[in-house]
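Per our numbering, numbering through the sequence shown is continuous, rising by one, with the last residue being 615.
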Amino acid sequence: MTRLQEEDNVTVPGTRRSWRIGTRGSLLARTQSGTVRDALIAAGHEAELVIVRTVGDESSEPVVELGVGVFTSALREELAAGNIDIAVHSYKDLPTAPDPRFTIAAVPPREDPRDALVARDGLVLGELPAGSKVGTSAPRRAAQLLALGLGLEVLPLRGNLDTRLSKVADGELDAVIVARAGLARIDRLDAVTEALEPVQMLPAPAQGALAVECRSDDSALIETLSQFDDAATRAAVVAERGLLAELEAGCTVPVGALGEVVESIDDDGRIFDELSLRGCAAAVDGSDVLRASVVGSPQDAAELGRALARELLELGARELLTSDFTPPQPNGEQPIMSERSERITEVQA
């Protein structure tokens with residue numbers, strides 16, 4: 267059994283059962299899971315955190331080399347074994363293939379999904395001199411950063427958020443790029459020097475969203491957790507992950523996506539919700555980035571994601587995602603971007 271310890275067991279008078287919430291041991295993971303625990307307690311339930319070790323936490327290897335599910339498989343094993351009742355995941359870490367043993371009972375409201383730059387001397391991205399060392403853990407971020415053609419040296423990065431921030435504070439790196447949502451959850455937005463807009467860098471599918479998972483046969487718990495579900499966040503994430511699944515790409519490939527439910531007005535002046543989805547696929551070396559977008563109904567979220575993926579595939583995404591990596595040049599020069607990197611195709615579905 268991979269359980270390490272139980273934390274913050276809170277008893278609420280008149281309740282019958284304490285829900286055991288599995289979480290990774292990092293500050294960020296415990297903070298995220300703590301929001302679910304607190305919501306359950308506020309609704310009149312007992313709840314406790316159970317810390318579980320994962321392969322991703324114990325290994326110092328780059329995430330891209332560890333494969334899909336490195337931060338989630340141990341939690342799911344504990345859930346299947348009945349050692350925990352609920353697993354709280356960073357949604358972007360979950361494999362896209364559904365597992366019939368489990369149900370995503372709730373997708374709470376999403377944090378800001380953008381990536382964030384943390385740079386020395388308060389610099390923004392455009393102010394970093396050519397040759398500046400920028401650390402990132404994600405090939406998606408590295409590819410889009412290289413595609414901007416700023417002459418930056420992009421380096422791999424591992425460790426928890428505090429470790430990553432310390433590399434800038436200690437002068438080892440000039441900047442790091444991390445998820446803004448993570449910094450918000452550990453109350454470190456003060457470190458952000460620039461929030462990167464999606465036109466600069468599309469976030470990972472489901473970035474900033476949580477997946478609250480339980481066993482599929484636990485109907486009572488599914489009903490309890492469903493009250494914390496946010497329909498707009500779920501629709502956006504379903505679309506983003508639909509794109510990822512259709513591309514047959516995992517969370518470690520250079521694919522970005524961002525869905526947003528927005529209000530629109532029809533010809534009769536009636537207000538209705540639309541789901542806008544943007545996506546990109548990039549060569550790992552940043553030499554080419556394909557972009558496309560789609561608009562449709564939130565009820566068709568999964569199909570919107572698949573439609574956008576098919577458009578990217580028609581533009582050549584398969585070849586791009588399976589191409590060999592060409593490392594950045596030592597002198598900081600970046601590869602010349604092809605014309606396809608500027609193509610934006612609007613798809614109506």
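Ideal Cβ positions, reconstructed from N, Cα and C, are used throughout, including at glycine.
Nearest-angstrom Cα distance between residue 288 and residue 357? 14 Å
Assuming the contact rule is C-beta atoms closer than 8 Å, residue 284 and residue 313 should be a hit. Round their C-beta distance to whole Å, please. 6 Å
With 16 other CB atoms within 10 Å as the buried threshold, where does residue 433 fall? buried
Using the Cβ count rule (16 or more neighbours within 10 Å means buried), how would you classify residue 366? exposed
If residue 478 sits next to residue 352, beta carbons under 8 Å apart, how far is it from one beta carbon to the other, in whole angstroms? 6 Å
Residue 559 versus residue 371: straight-line alpha-carbon distance, rounded: 28 Å
Residue 490 in three-state terms, based on DSSP: helix
Between the beta-carbon of residue 385 and the beta-carbon of residue 459, is there less than 8 Å? yes
Considering only their Cβ atoms, is the gap separating residue 522 from residue 468 smaller than 8 Å? yes
Residue closest to residue 379, alpha-carbon to alpha-carbon, out of 449, 510 and 311: 449
Between which two residues does the alpha helix (DSSP H) containing residue 302 stretch? 293-308
Would you mind reading off the limits of the beta strand (DSSP E) that contains residue 381? 381-385
Distance, residue 506 Cα to residue 471 Cα: 5 Å
Close-in-space but distant-in-sequence residues of the same chain around residue 571 (CB under 6 Å, 5 per side omitted): 505, 508 and 509
Residue 563 by DSSP, collapsed to three states: which one? coil
Please confirm if the stretch 541-548 is in contact with the stretch 402-413, defined as three or more CB-CB distances below 8 Å between the two stretches. yes
Identify every run of the alpha helix (DSSP H) within the stretch 477-557, keeping only runs that are complete inside it and at least 4 residues long; order them along the chain. 485-492 and 497-512
Residues that DSSP places opposite residue 415 in a beta bridge: Paired residue(s): none; residue 415 is not in a bridge.
Simplified DSSP state of residue 405, which is helix, strand or coil: helix
Apart from the five residues on each side of it in sequence, which residues of its chain come closer than 6 Å, Cβ to Cβ, to residue 398? 418 and 440
Assuming residue 541 contacts residue 564 under a Cβ cut-off of 8 Å, what Cβ separation, rounded to an integer in Å, is found between them? 4 Å
Using a 10 Å radius around the Cβ and a threshold of 16 neighbouring Cβ atoms, would you call residue 317 buried or exposed? buried
How would you write the range of the beta strand (DSSP E) that residue 461 sits in, first residue to last? 460-462
Can you grab the Cα-Cα spacing for the pair residue 491 / residue 295, in whole Å? 19 Å
Tell me which residue opens and which closes the beta strand (DSSP E) that residue 286 is part of. 284-289
Helix, strand or coil: which one does DSSP assign to residue 577? helix
Could you compute how far the alpha carbon of residue 402 sits from the alpha carbon of residue 442? 6 Å
Segment limits, alpha helix (DSSP H) that includes residue 371: Careful: residue 371 lies outside any alpha helix (DSSP H), inside the beta strand (DSSP E) at 368-372.
How would you write the range of the beta strand (DSSP E) that residue 468 sits in, first residue to last? Residue 468 -> no beta strand (DSSP E), and no H or E assigned at all.
Using a Cβ-Cβ cutoff of less than 6 Å, which residues in the same chain neighbour residue 592 once the five nearest sequence positions on both sides are dropped? Confidence in residue 592 is poor, its pLDDT being 43 and thus under 50, which makes the residue's placement too unreliable to answer from.
Report the partner residues of residue 353 according to the DSSP bridge assignment. 288 and 479
Under 8 Å by Cβ, that's how I've got residue 416 and residue 396 pegged, so tell me the actual separation to the nearest angstrom. 7 Å
Rounded C-alpha distance that separates residue 300 from residue 533: 45 Å
Looking at the unbroken beta strand (DSSP E) that takes in residue 457, where does it start and where does it end? Note, residue 457: premise wrong, no beta strand (DSSP E); not H, not E.
Beta-carbon proximity check, residue 485 vs residue 368, cutoff 8 Å: no
Are the CB atoms of residue 473 and residue 445 nearer to each other than 8 Å? yes
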